[in-house]
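> First, the structure itself, so that you have it in front of you.
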Amino acid sequence: MVKRLHLKLRLGLAALLLAWGGGTTAQDALVDELVVGRSLDQAIRALEGELSRNPFDPVTLNNLAVRQADAGNYSEALALLERAHRLAPTHLMIESNLRDLRDWNQGRLPAEPATRRVTRDFDQRWPDVPPLWPAPQR
């Protein structure tokens, strides 16, 4: 059974800015303009453009990560979410998205055996010294 990945897109900077002491409906309108009603590629390009203007915006990083995950770029999404989490470690949505993506990604990895058997033929002699090393003095 394939577990589907669901990350949350933060449509609005106002909640984060209000928590930090600012925010207007203009920021909400900007995010709506960047993401809502656009194709996936257009939204990614718009969010990347916004991120180039302010590379330290954790909400934009989160939104771009969600769109990258939607596009199947999971490693890029993970890197973006980790960066967003470093910038805003107490932001619940970013933390939730990062945890969800890590858990989902872990579930996709093939299961490794609990133990690995390592054997070595001890009767075999050591390999000859490579020619780049000096010959042993006797």
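Per mature numbering (1 follows the signal peptide of the UniProt record, and there is no 0), the sequence shown runs over residues -26 to -1, 1 to 112. In this text, a Cβ means the ideal position worked out from N, Cα and C, and glycines have one as well.
Put S70 into one of helix, strand or coil per three-state DSSP.
helix
> With DSSP run on the structure shown, which of helix, strand or coil describes S13?
coil
> Tell me where the alpha helix (DSSP H) around A52 begins and ends.
Checking the sequence shown, residue 52 turns out to be Leu, not Ala. L52 -> alpha helix (DSSP H) spans Y48 to L61.
> Using the three-state DSSP reduction, which class does L21 fall into: helix, strand or coil?
L21 falls in the helix class under three-state DSSP.
> Confirm, please, whether the CB-CB distance from N36 to A20 is below 8 Å.
no
> Please state whether the Cβ-Cβ distance between A45 and I68 is less than 8 Å.
For the 8 Å CB-CB criterion, A45 and I68 do not form a contact.
> Let me know the secondary structure DSSP gives residue 113 once reduced to three states.
Shown here, the chain extends from -26 to 112; a query on residue 113 therefore has no answer.
> Quick check: N79 and L52, are their CB atoms within less than 8 Å of each other?
yes
> Among G81, L54, D77 and S70, which has the Cα closest to the Cα of D31?
L54
> If distances are taken between C-alpha atoms only, which option among A62, V33, E22 and R41 comes closest to L14?
R41
> What did DSSP end up calling N28 once you bin it into helix, strand or coil?
Taken through DSSP and simplified to helix, strand or coil, N28 comes out as coil.
> Can you tell me whether L75 is helix, strand or coil according to DSSP?
helix
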